[in-house]
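**Q** Have a look at the structure that comes next, please.
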Amino acid sequence: MNGERYELSVQSNWTLRDVLHGKLGFTGAKEFCDRGACGACTTIVNGRPVLSCMTLAIECDGKTIESVEGIAKANHPLIEAYVMNHCMQCGYCTPGFVVTAKALLDKNPKPTEEDVKEALAGNLCRCGTYPRHIVAVLEASKKL
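If you count by numbering that gives the first Met the number 0, then the sequence shown holds residues 0 to 143, one letter each, in order.
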C-alpha cells in the first residue's frame, strides 16, 4: 500500500475501501454512492484503477495498491495541477479523480483531451467542475 507492506486479517465480506479506512487509516477513498457508480473511492490496484467499494479486500492479497495519499506523498504533478486549476469546490470527488487521472498518466503519459475525458468518464462531481479536471490532467502530463 503506497510502497509500504501491511499484513492484516480481513473478513471475507470486507471491501478494500472498508479496510483502507477502518484498518489502515487511509481516508482519501471516499464513500459516496457505495455502489460503484461515482468513482469517489477509486484506488489503483496492480496498475489499474478500481472502485474500492466494489473490490473485496481479500482479493487484494499480494497486490500493489496506490491511493490518493500515496500520490500526494510522491508529490505527483497532478496534485499541484489540481490546486492551481481550481478543480474542486467541495472536494469530495477529488481523490477519485486524481487517482483515476494518475492511472491514465501511468499508462499514457501524453494523453489527448479525448483520452482524459474517456478515462474520467466514470467519476461524478456534484459541483460540476468537470472542465477543470481535463485542464489539470493535461497540464500535469506536460510535467511528466
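From the three backbone atoms N, C-alpha and C, an ideal C-beta is built for every residue, glycine too.
No experiment lies behind these values; they were computed from the predicted model shown.
Give me whichever residues DSSP pairs with I147 in a beta bridge.
**A** Because the chain in this structure spans residues 0 to 143, residue 147 falls outside the shown range and cannot be described.
**Q** I believe V98 touches V134 by the beta-carbon criterion, under 8 Å. Please report the beta-carbon distance rounded to the nearest angstrom.
**A** Along the sequence shown, read from residue 1 onward, the residue named residue 98 stands at position 99. Along the sequence shown, read from residue 1 onward, the residue named residue 134 stands at position 135. Going by Cβ atoms, the distance from V98 to V134 rounds to 18 Å, so no, they are not a contact pair.
**Q** Helix, strand or coil: which one does DSSP assign to T14?
**A** Mapped onto the sequence shown, residue 14 falls at position 15. Strand, per DSSP.
**Q** Please list the segments of the alpha helix (DSSP H) lying wholly inside the segment 46-130, counting only runs of 4 or more residues, in order along the chain.
**A** Taking only runs of at least 4 residues, the alpha helix (DSSP H) segments lying wholly in the segment 46-130 are 67-72, 76-83, 93-106, 112-119.
**Q** What do you reckon, are the CB atoms on C89 and C52 nearer than 8 Å?
**A** In the sequence shown, the residue the question calls residue 89 occupies position 90. In the sequence shown, the residue the question calls residue 52 occupies position 53. Taking 8 Å as the Cβ cut-off, C89 and C52 do not qualify as a contacting pair.
**Q** Note down, in chain order, each residue of its chain lying with its Cβ closer than 6 Å to the Cβ of M0, except the 5 sequence neighbours on either side.
**A** Reading the sequence shown from its first residue, position 1 is the one you call residue 0. So the qualifying residues of the chain are I64.
**Q** Mark M83 as exposed unless 16 or more other C-beta atoms lie within 10 angstroms of its C-beta, in which case mark it buried.
**A** Residue mapping note: residue 83 aligns to position 84 of the sequence shown, counting from 1. Result: exposed.
**Q** Give a yes or no on whether the C-beta atoms belonging to C40 and L123 are separated by under 8 Å.
**A** On the sequence shown, position 41 is the one that residue 40 refers to. On the sequence shown, position 124 is the one that residue 123 refers to. Cβ distance not < 8 Å, so C40 and L123 don't count as in contact.
**Q** If you compare alpha carbons, which of L55, Y129, P130 is closest to D33?
**A** Translated into the one-based positions of the sequence shown, residue 33 becomes position 34. Checked all of L55, Y129, P130; the closest Cα to D33 is L55.
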